[in-house]
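**Student:** Quick one: the structure is below, and I'll ask about it shortly.
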Amino acid sequence: FPNNWIELLFCLFVMILQVWLSGLILGTLFHYLGQKDLVSEKHKELLEDLTSFCESKMLPPELRERIIRHVEFQHRKRVENKSAGSLTLPRSLAIKVANVKYKEIMDMCTDRNQFLFGCNPQFISALMLNFKVHYLMLGE
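Residues in the sequence shown are numbered consecutively from 107, following this note's numbering.
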């Protein structure tokens, strides 16, 4: 318990500061948790617009499903590509990542009697850097 007025004022100041800091921390936390993901919100709006478009044009249900699957597939591909992070790597690290990713393919292509047998290792590394992942829809 405070013994004089100065200690009482100091305790009061500390309590007010504690309430203010707690509110600041909780407010910041709820602000971050309450933010919406703009990419997923735009994707949901696109799906709603696409569904209403398909209904207004009276498209058959199997065509609607195929169109929606394609749009969802493109969205998933775009999100995965952004999260890959390989676009920001330095060249030496990108070569190491490509060597790990495509080692099995390049081992098959550089075996004896294959079309890359005897090629320069720098050429093979540069070739692996230019490999791109191609996504196929189900049934293609």
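Every residue gets a Cβ at the ideal spot worked out from N, C-alpha and C, and that includes glycine.
Being a predicted model, the structure only gives us computed values, none of them experimental.
Specify the secondary structure class of arginine 218 as computed by DSSP and reduced to three states.
**Tutor:** Coil at arginine 218, not helix or strand.
**Student:** Quick one: is arginine 218 near chain C, going by C-beta distance under 8 Å?
**Tutor:** The structure shown contains no chain C; it holds only a single protein chain.
**Student:** When the Cα atoms are used, what is the spatial distance from glutamate 178 to cysteine 160?
**Tutor:** Cα to Cα, the separation comes out at about 15 Å.
**Student:** Would you call the segment 228–243 in contact with the segment 195–208, where contact means no fewer than 3 C-beta pairs closer than 8 Å?
**Tutor:** Taking 8 Å as the limit for Cβ pairs, the verdict is that the segment 195–208 does touch the segment 228–243.
**Student:** Give the C-beta separation of valine 185 and valine 145 to the nearest angstrom, bearing in mind that I take them to be a contact with Cβ-Cβ under 8 Å.
**Tutor:** With a Cβ gap of about 7 Å, valine 185 and valine 145 count as contacting.
**Student:** Among residues of its own chain, excluding the 5 on either side of valine 125, which ones have a beta-carbon nearer than 6 Å to its beta-carbon?
**Tutor:** Taken in chain order, the list of residues that qualify is empty.
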